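A.B. asks:
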């Protein structure tokens, strides 16, 4: 099967929904969306599996819908790893160049990257990604690709992402029981960023904020490289819970109120405008502005936490590429203005670019992670192509070190 005939699948396992995106590489060599599928789930909490049977059922249903939509059979997929157990750090590896003529080889870059992995992790954690950020050859910094250069000392600065072994094993178990093979596993912040950030934004310095149902994924880029990633244990589902408490209503009614009347800027809503809860099967009325105040308070907390992460890496209000907001939470009206006021950065809602096919089906912000997973699968194919020797070498290397394809 040629790359242009092959389908590529991304499956986003979220706290409230499973999203599937299927694509091919079309004749001009562009990603083309051929199918999507989505199914609600209650098998996860804050990105972590709490009910394997429920999660397997949701995966199977979402995949079945995507298969019907795309007209292809799905047996393999790239998946996301979510949850606040996902953490990151930057680490440096240093080696002496192996060849007698001092020419740096691919094997040297692998050894340097392996050296960067000599870090202390808790026994229940495993490395998900080791991403080379830049190389230094004999003191010369800022090198993107040192292969073929001459030098005696090679250093690599890496971004390492790790996660909980039990959480990852449970995720794998769900896919195995659903009859699916896993091609690649990608941390949610990187998957979302892949779909929504441009190369220019990454070079300038930017942040991707993907607001899911139970978590918010953050990826910060500087000079084109991954600087910091994390997953915060707060999402749009917390807004629903707050509304339910404030209105003394059920979660279902609160969710419907949020989706129909939600707004993140209460001062823009007329003070006396009311919501009749009988419209949703409830009792009584409430003020739209009161609902907006509840939403604003929770989103302020969320963006305050995001700003704390920016401060942690010295990038508070210092990313010219701005912030791109994705995930289901990005659909909240007024969220851009609120984010701008707190992050002190240019902000926008994600919008996929450079796609063909069923673009309108994946244009909603909640499809960003699944779309990014699919795009990573395509990029791997483009990188390895039909080079069987390189592909075999890559698979061998992957057993030693999780190098992330750019």
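In the numbering used here, the protein residues as written are 34 to 439. Just so you know, even glycine gets a beta-carbon here, dropped at the ideal spot from N, CA and C. These numbers come from a predicted model, not from an experiment.
#1: How do the region 334 to 344 and the region 298 to 316 stand: do at least 3 beta-carbon pairs fall below 8 angstroms, yes or no?
#2: For residue 118, count the other beta carbons within 10 Å of its own beta carbon; 16 or more makes it buried, fewer makes it exposed. Which is it?
#3: What three-state label does DSSP hand residue 386 in the structure shown?
#4: Just list the residues that DSSP pairs residue 52 with in beta bridges.
#5: Check this for me: beta carbons of residue 204 and residue 114, under 9 angstroms apart or not?
#6: Closer than 8 angstroms is the cut-off here; do at least three beta carbon pairs connect the region 363 to 379 with the region 183 to 197?
#7: Would the region 287 to 295 count as touching the region 137 to 149 if we require 3 or more Cβ pairs under 8 angstroms?
#8: Pull up the distance between the alpha-carbon of residue 14 and that of residue 263, whole angstroms please.
#9: Please state if the CB of residue 359 and the CB of residue 312 are separated by a distance shorter than 9 angstroms.
#10: Check whether the region 246 to 258 touches the region 71 to 82, counting contact only when three or more Cβ pairs, one atom from each stretch, lie closer than 8 angstroms.
#11: Helix, strand or coil for residue 304 per DSSP?
#12: Per DSSP, which one or two residues make a beta bridge with residue 184?
#13: Could you check whether the region 232 to 243 touches the region 96 to 109, counting it as contact only if at least three pairs of C-beta atoms, one from each stretch, sit closer than 8 angstroms?
#14: How is the beta strand (DSSP E) around residue 157 delimited, first residue to last?
#15: Quick check: the Cα distance between residue 72 and residue 270, rounded to an integer number of angstroms?
#16: Quick one: Cα of residue 140 to Cα of residue 128, how far?
#17: Is the region 172 to 186 touching the region 195 to 211 in the sense that three or more CB pairs, one from each, lie closer than 8 angstroms?
#18: For the structure I just gave you, are there three or more beta carbon pairs, one from the region 40 to 48 and one from the region 378 to 386, closer than 8 angstroms?
#19: When the Cα of residue 74 is compared with those of 68, 89 and 66, which residue comes out closest?
#20: Could you have a look at residue 271 and say whether DSSP puts it in helix, strand or coil?
#21: Between the Cα of residue 54 and those of 201, 60 and 92, spot the shortest distance and give me the residue it belongs to.
#22: Excluding the 5 residues preceding and the 5 following residue 236 in the sequence, name in chain order all residues of the same chain whose CB lies nearer than 6 angstroms to its CB.
C.D. replies: Taking the geometry as given:
#1: No, the region 334 to 344 does not touch the region 298 to 316.
#2: Classification of residue 118: buried, given that the 10 Å Cβ count is 16 or more.
#3: Reduced to three states, the DSSP call for residue 386 is coil.
#4: As a beta-bridge residue in DSSP terms, residue 52 pairs with 45 and 71.
#5: Contact: yes.
#6: Too few Cβ pairs lie closer than 8 angstroms, so no.
#7: The region 287 to 295 is not in contact with the region 137 to 149.
#8: Here the chain covers residues 34 to 439 and nothing more, so residue 14 does not appear.
#9: Contact: no.
#10: Here the region 246 to 258 makes contact with the region 71 to 82; the two share three or more CB pairs at distances below 8 angstroms.
#11: Here residue 304 sits in coil by DSSP.
#12: Looking at the DSSP assignment, residue 184 forms no beta bridge with any residue, so it has no partner.
#13: No contact exists between the region 232 to 243 and the region 96 to 109.
#14: For residue 157, no beta strand (DSSP E) run applies, since DSSP gives it neither H nor E.
#15: Per the coordinates, the alpha-carbon of residue 72 lies some 16 angstroms from the alpha-carbon of residue 270.
#16: If you take the alpha carbons of residue 140 and residue 128, they lie about 11 angstroms apart.
#17: Flag = no, the region 195 to 211 and the region 172 to 186 do not touch.
#18: Using a C-beta cut-off of 8 angstroms, the region 40 to 48 makes no contact with the region 378 to 386, since fewer than three inter-stretch Cβ pairs fall below that distance.
#19: Taking only the C-alpha atoms, the option nearest residue 74 is 89.
#20: Three-state result, residue 271: helix.
#21: Just measuring C-alpha positions, the residue of 201, 60 and 92 sitting nearest residue 54 is 92.
#22: If the five residues before and after residue 236 are omitted, its C-beta is found closer than 6 angstroms to the C-beta atoms of 257, all from its own chain and listed in chain order.
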